[in-house]
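Chemist: Please read through the structure below; I'll follow up with questions.
Number of protein chains: 2
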Amino acid sequence: MKASALGPMESLSMTDRVENILREYLMDNGFKPGDSLPNETEIAQKLNVSRNVVREALSRLRMLGLIESRTRRGMIMAQPDLFAGIEKVMSPSILSHDNQKDLFELRLILEMGIAEFLFARKTDKDLEELEAIVNKQKGLKSLSREDEIEFHGKLYEMTGNDTFRRFQTLLFPVFDHVFKEYLEKGVHMDLPNPVSHADLFEVLKNGTAGQFRNAMYVHLTPYFTTTLKNGVQAPS
Amino acid sequence: MKASALGPMESLSMTDRVENILREYLMDNGFKPGDSLPNETEIAQKLNVSRNVVREALSRLRMLGLIESRTRRGMIMAQPDLFAGIEKVMSPSILSHDNQKDLFELRLILEMGIAEFLFARKTDKDLEELEAIVNKQKGLKSLSREDEIEFHGKLYEMTGNDTFRRFQTLLFPVFDHVFKEYLEKGVHMDLPNPVSHADLFEVLKNGTAGQFRNAMYVHLTPYFTTTLKNGVQAPS
DNA sequence: TAATTACATTTGTAGGACAAATAAACAACC
DNA sequence: GGTTGTTTATTTGTCCTACAAATGTAATTA
Chain A
3 MKASALGPME SLSMTDRVEN ILREYLMDNG FKPGDSLPNE TEIAQKLNVS
53 RNVVREALSR LRMLGLIESR TRRGMIMAQP DLFAGIEKVM SPSILSHDNQ
103 KDLFELRLIL EMGIAEFLFA RKTDKDLEEL EAIVNKQKGL KSLSREDEIE
153 FHGKLYEMTG NDTFRRFQTL LFPVFDHVFK EYLEKGVHMD LPNPVSHADL
203 FEVLKNGTAG QFRNAMYVHL TPYFTTTLKN GVQAPS
Chain B
3 MKASALGPME SLSMTDRVEN ILREYLMDNG FKPGDSLPNE TEIAQKLNVS
53 RNVVREALSR LRMLGLIESR TRRGMIMAQP DLFAGIEKVM SPSILSHDNQ
103 KDLFELRLIL EMGIAEFLFA RKTDKDLEEL EAIVNKQKGL KSLSREDEIE
153 FHGKLYEMTG NDTFRRFQTL LFPVFDHVFK EYLEKGVHMD LPNPVSHADL
203 FEVLKNGTAG QFRNAMYVHL TPYFTTTLKN GVQAPS
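The listed protein sequences correspond, in order, to chains A and B. Here our numbering is used: the first residue of the first sequence is 3, the next is one more, and so on. Here our numbering is used: the first residue of the second sequence is 3, the next is one more, and so on.
Following this line, the structure appears as structure tokens:
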């Protein structure tokens with residue numbers, strides 16, 4: 003029986019192995035941002051591979067923001083960017099359909115989940131800025147993608163959690179794409195939204211986290227009902 | 003005035019540029035999994051860079067799962083792994099404190115947000131398996147990390163959203179680390195949890211999505227109160 | 001026709017070379 | 001002595017060549 007019959011052989015390239023070795027080395031030895039790494043030739047010799055292989059592995063770590071390097075100064079550990087890797091594949095044209103559906107649902111969860119954080123951290127200044135956005139949108143017949151992003155983006159900003167905000171920005175194109183797909187499949191959204199941005203603002207200003215969550219649920223109902231084919235129970 | 007005085011100069015390396023060019027090329031031309039790419043030397047010539055630079059850029063795309071390559075067969079577009087990039091930096095020892103706090107909160111949101119999906123998609127088989135887990139844990143005085151992962155992991159599995167599940171797995175080490183930090187800072191958790199896994203199971207079996215969300219909120223209250231210093235309103 | 005063999009092509013790895021940048025050591029000057 | 005300019009050495013960034021391994025393709029043969 004040939005090895006290939008046993009499955010996808012999984013033979014890692016030298017670069018793959020060196021990449022793993024380097025990451026484990028950095029983790030296990032508690033490297034912190036600013037700490038300097040051995041130079042390339044030293045690594046290559048130690049691992050018995052060519053400098054090319056080492057550089058390909060380092061190039062990957064550099065892309066993730068794990069390391070930075072300057073000529074002569076050498077390489078130093080850096081603060082990795084949490085989204086550096088994921089943002090490069092976050093595109094509707096290449097993600098699997100399953101992934102897109104999953105991410106669509108993830109955004110729905112986020113939109114509702116920020117309620118507690120909004121009420122714990124909202125400030126008067128935030129509310130004023132949000133009100134300005136709402137007022138600007140009041141005159142419009144229909145909201146553009148940019149309008150949606152502006153309102154919901156401001157909400158994420160108000161959570162005091164920058165990761166939420168960046169995540170939502172990343173998710174939006176996929177969300178938008180999936181929803182368009184639903185529309186093309188015959189899902190209609192003719193009805194005016196029973197909960198507008200102005201309504202959400204009002205609840206955020208004078209209501210409770212629970213009320214806001216419910217309002218957001220209604221605001222998002224068209225999306226929920228399209229993704230949850232089996233129907234979904236409203237919050238208590 | 004020197005250029006360096008104007009800020010971090012942002013001078014991309016050739017590899018960075020080629021990486022961007024290649025990704026844009028793949029996106030703009032609608033490459034789908036299975037489509038074959040030009041070979042390395044061809045790319046190098048077209049872009050007027052050395053094959054080394056091209057290989058470093060391709061190595062990055064390979065890490066993200068965007069492309070695959072075999073000798074002689076050439077390179078082909080692949081289905082990128084959404085988490086390939088992020089999982090390599092998802093470690094408490096290297097993420098910034100802010101990132102860790104943000105991710106801690108993100109998991110709280112996810113735990114509560116899956117309620118609607120659980121109720122829309124739960125099956126009898128799922129419930130049986132979850133009950134088995136709960137019964138196994140009933141005899142224990144305290145739950146280990148593995149017990150927690152088993153129960154909550156099963157919940158994520160039941161959502162029918164594999165991305166949730168993988169995300170939670172990724173988040174757990176960070177979540178755990180942040181919480182330990184809170185404990186060390188004097189936050190106490192002596193009180194027995196007012197909502198046990200068994201309680202959650204009961205609500206999932208016979209209750210509503212809203213009830214489950216509230217139950218989960220209480221189950222997670224210790225975590226919410228530690229992260230939301232200002233206090234937080236309970237769901238309506 | 002079918003199987004086998006030889007060939008050609010493409011990625012993977014190695015190693016050498018040099019440019020650019022710059023930290024460190026040194027020299028010169030006030 | 002302290003500052004400033006100069007030289008030197010080191011490290012990354014880029015290019016080049018070469019070859020091994022794998023494998024698709026074509027030629028050859030039974």
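The beta carbon of each residue, even a glycine, is placed where N, CA and C say it ideally should be.
Examine chain A for any beta-carbon lying closer than 8 Å to the beta-carbon of D178 (chain B), and answer yes or no.
Modeler: For the purposes of this step, residue 178 (chain B) is identified with residue 176 of the second sequence, where counting begins at 1. So, not an interface residue.
Chemist: Is there a Cβ of chain B sitting closer than 8 Å to that of K182 (chain A), yes or no?
Modeler: Here residue 182 (chain A) corresponds to residue number 180 of the first sequence, with the count starting at 1. Chain B contact via Cβ: absent.
Chemist: With C-beta atoms as the reference, is L39 (chain B) less than 8 Å away from M79 (chain B)?
Modeler: Counted from its first residue, the second sequence places residue 39 (chain B) at position 37. Counted from its first residue, the second sequence places residue 79 (chain B) at position 77. Yes.
Chemist: Which residue from B:L63, B:G76 and B:Y158 puts its Cα closest to that of E170 (chain B)?
Modeler: Position 168 of the second sequence holds residue 170 (chain B). Looking at the sequence shown, residue 170 (chain B) is not Glu but Gln. For the residues B:L63, B:G76 and B:Y158, the minimum Cα distance to Q170 (chain B) belongs to B:Y158.
Chemist: Who does M79 (chain A) pair with in a DSSP beta bridge?
Modeler: Within the first sequence, numbered from 1, the residue matching residue 79 (chain A) stands at position 77. Looking at the DSSP assignment, M79 (chain A) forms a beta bridge with A:I69.
Chemist: Taking the beta carbon of D83 (chain A) as the centre, do at least 16 other beta carbons fall within 10 Å, making it buried, or is it exposed?
Modeler: Numbered from its first residue, the first sequence carries residue 83 (chain A) at position 81. By the neighbour-count rule (16 or more Cβ atoms within 10 Å), D83 (chain A) is buried.
Chemist: Could you tell me whether any non-hydrogen atom of the ligand SAH is closer than 7 Å to the CB of L105 (chain A)?
Modeler: For the structure depicted, the ligand SAH is absent and the ligand set is empty, with no information on it obtainable.
Chemist: Inspect the beta-carbon positions of L185 (chain B) and L105 (chain B) and report whether they are closer than 8 Å.
Modeler: Along the second sequence, one-based indexing puts residue 185 (chain B) at 183. Along the second sequence, one-based indexing puts residue 105 (chain B) at 103. Cβ distance not < 8 Å, so L185 (chain B) and L105 (chain B) don't count as in contact.
Chemist: So which residues of chain A does F13 (chain B) contact, with C-beta pairs closer than 9 Å?
Modeler: For the purposes of this step, residue 13 (chain B) is identified with residue 11 of the second sequence, where counting begins at 1. According to the sequence shown, residue 13 (chain B) is Ser rather than Phe. Chain A residues near S13 (chain B): none, gap ~11 Å exceeds 9 Å.
Chemist: Just the C-alpha distance for M16 (chain B) and E148 (chain B), rounded to the nearest angstrom, thanks.
Modeler: In the second sequence, the residue the question calls residue 16 (chain B) occupies position 14. In the second sequence, the residue the question calls residue 148 (chain B) occupies position 146. The alpha-carbon atoms of M16 (chain B) and E148 (chain B) are separated by roughly 46 Å.
Chemist: Using a Cβ-Cβ cutoff of less than 6 Å, which residues in the same chain neighbour D128 (chain A) once the five nearest sequence positions on both sides are dropped?
Modeler: Mapped onto the first sequence, residue 128 (chain A) falls at position 126. Within the same chain, D128 (chain A) has close Cβ partners M160.
Chemist: For F119 (chain A), decide whether its Cβ has a neighbour in chain B, counting only Cβ atoms nearer than 8 Å.
Modeler: Against the first sequence, residue 119 (chain A) aligns to sequence position 117. Answer yes: the Cβ-Cβ gap between F119 (chain A) and chain B drops below 8 Å somewhere.
Chemist: In angstroms with no decimal places, state the Cα-to-Cα distance between T73 (chain B) and G87 (chain B).
Modeler: On the second sequence, residue 73 (chain B) is found 71 positions in, with the first residue counted as 1. On the second sequence, residue 87 (chain B) is found 85 positions in, with the first residue counted as 1. If I take the Cα positions, the gap works out to 25 Å.
Chemist: What residues of chain A sit near P40 (chain B), judged by a beta carbon separation below 7 Å?
Modeler: Start at 1 with the first residue of the second sequence, and residue 40 (chain B) comes out as number 38. Chain A residues near P40 (chain B): none, gap ~18 Å exceeds 7 Å.
Chemist: State the start and end residues of the unbroken alpha helix (DSSP H) segment that holds E133 (chain B).
Modeler: Reading the second sequence from its first residue, position 131 is the one you call residue 133 (chain B). Taken as a continuous stretch (DSSP letters only), the alpha helix (DSSP H) holding E133 (chain B) covers D126 to K140.
Chemist: So which residues on chain B does E107 (chain A) lean against when the C-beta distance must stay under 7 Å?
Modeler: Along the first sequence, one-based indexing puts residue 107 (chain A) at 105. F119 and N163, listed in chain order.
Chemist: Just to make sure I have the definition right: I need the residues of chain B whose C-beta is within less than 9 Å of the C-beta of A46 (chain A). Which are they?
Modeler: As a working note, residue 46 (chain A) is residue 44 in the first sequence. Per Cβ cutoff of 9 Å: no residues; A46 (chain A) is ~14 Å from chain B at best.
Chemist: Assuming E70 (chain A) contacts R64 (chain A) under a Cβ cut-off of 8 Å, what Cβ separation, rounded to an integer in Å, is found between them?
Modeler: Residue mapping note: residue 70 (chain A) aligns to position 68 of the first sequence, counting from 1. Residue mapping note: residue 64 (chain A) aligns to position 62 of the first sequence, counting from 1. That pair is a contact at about 7 Å.
Chemist: Could you confirm whether any beta carbon from chain B is found closer than 8 Å to the beta carbon of Q140 (chain A)?
Modeler: On the first sequence, residue 140 (chain A) is found 138 positions in, with the first residue counted as 1. Correcting the residue identity first, residue 140 (chain A) is Lys in this sequence and not Gln. No, K140 (chain A) does not count as interfacial toward chain B.
Chemist: Taking the straight line between their C-alpha atoms, what separation do you get for A200 (chain A) and K124 (chain A)?
Modeler: Taking the first sequence and counting its residues from 1, the one referred to as residue 200 (chain A) is at position 198. Taking the first sequence and counting its residues from 1, the one referred to as residue 124 (chain A) is at position 122. If I take the Cα positions, the gap works out to 17 Å.
Chemist: Count the other CB atoms, across all protein chains shown, that sit within 10 Å of the CB of S98 (chain B); report buried if there are 16 or more and exposed otherwise.
Modeler: Along the second sequence, read from residue 1 onward, the residue named residue 98 (chain B) stands at position 96. Exposed is the call here.
Chemist: Output yes if chain B places a C-beta closer than 8 Å to the C-beta of R25 (chain A); else output no.
Modeler: As a first step, residue 25 (chain A) is located in the first sequence; it is residue number 23 there, counting from the start. Yes, its Cβ sits closer than 8 Å to a Cβ of chain B.
Chemist: Within the same chain, show all residues whose beta-carbon is closer than 8 Å to that of F121 (chain A), passing over the 5 residues directly before and after it, in chain order.
Modeler: Here residue 121 (chain A) corresponds to residue number 119 of the first sequence, with the count starting at 1. Answer for F121 (chain A): L206, T210, A211 and F214, listed in chain order.
Chemist: Check S144 (chain A) in the structure and name its three-state DSSP category.
Modeler: Stepping through the first sequence from its first residue, residue 144 (chain A) is reached at position 142. If DSSP states are grouped into helix, strand and coil, S144 (chain A) belongs with coil.
Chemist: Could you give the DSSP three-state label for S61 (chain B): helix, strand or coil?
Modeler: Stepping through the second sequence from its first residue, residue 61 (chain B) is reached at position 59. Of the three classes helix, strand and coil, the one that applies to S61 (chain B) here is helix, per DSSP.
Chemist: Hey, how far is the Cα of F166 (chain B) from the Cα of L108 (chain B)?
Modeler: Taking the second sequence and counting its residues from 1, one reaches residue 166 (chain B) at position 164. Taking the second sequence and counting its residues from 1, one reaches residue 108 (chain B) at position 106. Cα to Cα, F166 (chain B) sits roughly 11 Å from L108 (chain B).
Chemist: How would you write the range of the alpha helix (DSSP H) that L39 (chain A) sits in, first residue to last?
Modeler: The residue you call residue 39 (chain A) lines up with position 37 of the first sequence. Premise fails: L39 (chain A) is in no alpha helix (DSSP H) and is neither H nor E.
Chemist: With a threshold of 8 Å on Cβ separation, who are the neighbours of L132 (chain B) within its own chain once the five nearest residues in sequence on each side are excluded?
Modeler: Reading the second sequence from its first residue, position 130 is the one you call residue 132 (chain B). So the qualifying residues of the chain are F153, K156, L157, M160, F203 and L206.
Chemist: Consult DSSP for V176 (chain A) and reduce its assignment to one of helix, strand or coil.
Modeler: To locate residue 176 (chain A), count along the first sequence from 1; it is residue 174. If DSSP states are grouped into helix, strand and coil, V176 (chain A) belongs with the helices.
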